[in-house]
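Numbering (the numbering used here), first residue to last: 566 to 979. The C-beta atom is built at its ideal place from N, Cα and C for all residues, glycine as well. Being a predicted model, the structure only gives us computed values, none of them experimental.
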């Protein structure tokens, strides 16, 4: 990783993606205390709660490598319907003194078609590997192990088998084939019909994604965050849920499968009233979870880097406390109706634990990976497991939201 820091950030990132097959593999089985089950997602199971946030693997080129590095799940994207180059370069800046990054990529995307082909190819490779393992007798569960490891989709129905929406759920097999893959979808910069772009992404990826995230919170696409306003968000997410239903019906005419979990990713730059409106709009539309939060457009006075005034979204350590505050308040507002994925500034097991105690059922990281490299994933998991055990928690779920009990001071304050 030190050599990559000598390159400009975007070039280094590209080298990292292309070299991801050579990344270290975490061969250790995850500590059982890290296992997570999400009841609202058909009892989907994760071997650990640490995921790779969207933005790292935008084009679906590093799924296998990142899962082998130890992530419990990875999120590909943001993917737009049509290919687009994004904003002019330079558009990514390291704030080394601040352990942060500013980016203004602007949804640079290969488009749905090539990314979908990569996801399908990845699923096919995993299915073949799982079938080979089961046939050789190495797996403990035969056909069940093969299905669990294949992930095609891990939350989608097998014909004649259990449905995620009727109590089946996903299971996790060996490190070489484990982990869930989510897809983060967005709209093209020049589109006049945002809902059409999001529904196109949902319908395309529904049968291949373990979950889908509607990204309405990137600061780098003009007007995108306007979609977070209550009436617009409710209409957009209503269309998204309907698209998920159409795709599920096409994939499983029996109607047993309702489609992959649908989440919405929100910004940290909101006040309490705005957050309340967003949470109620999302849940009212039938969304299955929140991702809290995206990058911030604010610039804390503590920033030291010469790049601190660059336009774009700020991620990393400077956004950690803010994103955790928004997460905590969102958890209070959700009242257990949907799970939350916490993201923003996570660089250690303690940071992940703080997110969990503030209401996150799952946690994502990205910026710290650019500074520390893939070995960070194992370190985060080991520290998190130790913290859970130290405090007497038998599982991640037992710690979710323990620091988020509402107080009188919470109302109207973020």
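Please list, in chain order, all residues of the same chain as residue i whose beta carbon is under 7 Å from its beta carbon, the five residues on each side excluded.
{"i": "residue 662", "result": "869 and 870"}
{"i": "residue 940", "result": "589"}
{"i": "residue 603", "result": "609, 904 and 926"}
{"i": "residue 836", "result": "979"}
{"i": "residue 768", "result": "808, 811 and 812"}
{"i": "residue 665", "result": "879, 880, 881, 882, 883 and 932"}
{"i": "residue 753", "result": "645, 646, 647, 649 and 762"}
{"i": "residue 917", "result": "615, 911, 928, 945 and 949"}
Going by beta carbon distance, what residues of the same chain come within less than 6 Å of residue i, once the five residues before and after it are set aside?
{"i": "residue 959", "result": "none"}
{"i": "residue 982", "result": "Only positions 566 to 979 of the chain appear in the structure, and residue 982 is not among them; the question remains open."}
{"i": "residue 531", "result": "Residue numbering for the chain in the displayed model covers 566 to 979; residue 531 lies beyond these limits and cannot be assessed."}
{"i": "residue 860", "result": "878, 879 and 880"}
{"i": "residue 842", "result": "795"}
{"i": "residue 576", "result": "none"}
{"i": "residue 669", "result": "652, 656, 785, 876 and 877"}
{"i": "residue 765", "result": "646"}
Quickly, what does DSSP pair residue i with across the bridge? List them, please.
{"i": "residue 658", "result": "667"}
{"i": "residue 930", "result": "617"}
{"i": "residue 797", "result": "DSSP, once it has assigned bridges, lists no residue as partnering residue 797."}
{"i": "residue 609", "result": "603"}
{"i": "residue 947", "result": "According to DSSP, which records beta bridges pairwise, residue 947 is partnered with nothing at all."}
{"i": "residue 749", "result": "642 and 778"}
{"i": "residue 743", "result": "For residue 743, which the question treats as bridged, DSSP gives no partner whatsoever."}
{"i": "residue 828", "result": "778 and 854"}
{"i": "residue 860", "result": "Residue 860 is not bridged to any residue."}
{"i": "residue 881", "result": "665"}
{"i": "residue 906", "result": "856 and 927"}
{"i": "residue 649", "result": "674"}
Relative to the C-alpha of residue i, which candidate in the options has its C-alpha closest?
{"i": "residue 593", "options": "951, 946 and 969", "result": "946"}
{"i": "residue 595", "options": "648, 678, 633 and 874", "result": "633"}
{"i": "residue 854", "options": "866, 840 and 899", "result": "899"}
{"i": "residue 597", "options": "968, 949 and 930", "result": "949"}
{"i": "residue 751", "options": "805, 962 and 916", "result": "805"}
{"i": "residue 763", "options": "944, 772, 749 and 776", "result": "749"}
{"i": "residue 646", "options": "676, 636, 666 and 829", "result": "676"}
{"i": "residue 944", "options": "573, 591 and 575", "result": "591"}
{"i": "residue 747", "options": "779, 652, 758 and 577", "result": "779"}
{"i": "residue 919", "options": "968, 606 and 775", "result": "968"}
{"i": "residue 755", "options": "615, 963, 887 and 648", "result": "648"}
{"i": "residue 673", "options": "654, 681 and 691", "result": "654"}
{"i": "residue 921", "options": "856, 864 and 863", "result": "856"}
{"i": "residue 776", "options": "839, 971, 823 and 873", "result": "823"}
{"i": "residue 691", "options": "600, 745 and 771", "result": "745"}
{"i": "residue 863", "options": "852, 605, 887 and 840", "result": "887"}
For residue i, count the other beta carbons within 10 Å of its own beta carbon; 16 or more makes it buried, fewer makes it exposed. Which is it?
{"i": "residue 732", "result": "Caution applies to residue 732, whose pLDDT of 35 falls short of 50 and renders its modelled position unreliable; the value that the coordinates give is listed next. Per the 10 Å Cβ criterion, exposed."}
{"i": "residue 833", "result": "buried"}
{"i": "residue 782", "result": "buried"}
{"i": "residue 966", "result": "buried"}
{"i": "residue 815", "result": "exposed"}
{"i": "residue 659", "result": "buried"}
{"i": "residue 849", "result": "exposed"}
{"i": "residue 901", "result": "exposed"}
{"i": "residue 858", "result": "buried"}
{"i": "residue 580", "result": "exposed"}
{"i": "residue 713", "result": "Low confidence applies to residue 713: its pLDDT is 40, below 50, so where it sits in the model is not reliable, and the reading given next is rough at best. The residue in question, residue 713, is buried, as its Cβ has 16 or more Cβ neighbours within 10 Å."}
{"i": "residue 830", "result": "buried"}
{"i": "residue 619", "result": "buried"}
{"i": "residue 771", "result": "buried"}
{"i": "residue 710", "result": "Note that residue 710 scores a pLDDT of 44, beneath 50, so its modelled location is shaky; the value from the coordinates is reported in the next line. Classification of residue 710: buried, given that the 10 Å Cβ count is 16 or more."}
{"i": "residue 954", "result": "exposed"}
{"i": "residue 957", "result": "exposed"}
Taking Cβ to Cβ, would you say residue i is nearer than 8 Å to residue j?
{"i": "residue 657", "j": "residue 641", "result": "no"}
{"i": "residue 906", "j": "residue 828", "result": "yes"}
{"i": "residue 792", "j": "residue 798", "result": "yes"}
{"i": "residue 912", "j": "residue 933", "result": "yes"}
{"i": "residue 930", "j": "residue 615", "result": "yes"}
{"i": "residue 961", "j": "residue 895", "result": "no"}
{"i": "residue 928", "j": "residue 908", "result": "yes"}
{"i": "residue 990", "j": "residue 621", "result": "No answer is possible for residue 990: it lies beyond the span of the chain, which begins at 566 and ends at 979."}
{"i": "residue 889", "j": "residue 923", "result": "yes"}
{"i": "residue 847", "j": "residue 802", "result": "yes"}
{"i": "residue 897", "j": "residue 818", "result": "no"}
In chain order, what residues of the same chain lie with their CB nearer than 8 Å to the CB of residue i, ignoring the 5 residues before and after it?
{"i": "residue 685", "result": "773"}
{"i": "residue 914", "result": "944, 945, 946, 947, 948, 949, 950, 951 and 952"}
{"i": "residue 872", "result": "658, 659, 660 and 667"}
{"i": "residue 705", "result": "At residue 705 the pLDDT is 44, less than 50, meaning the model places this residue with poor confidence; the figure from the coordinates comes in the next sentence. Within the same chain, residue 705 has no close Cβ partners at all."}
Using beta carbons (cut-off 8 Å, strictly below), is residue i in contact with chain B?
{"i": "residue 640", "result": "No chain B is present in this structure, which holds just one protein chain."}
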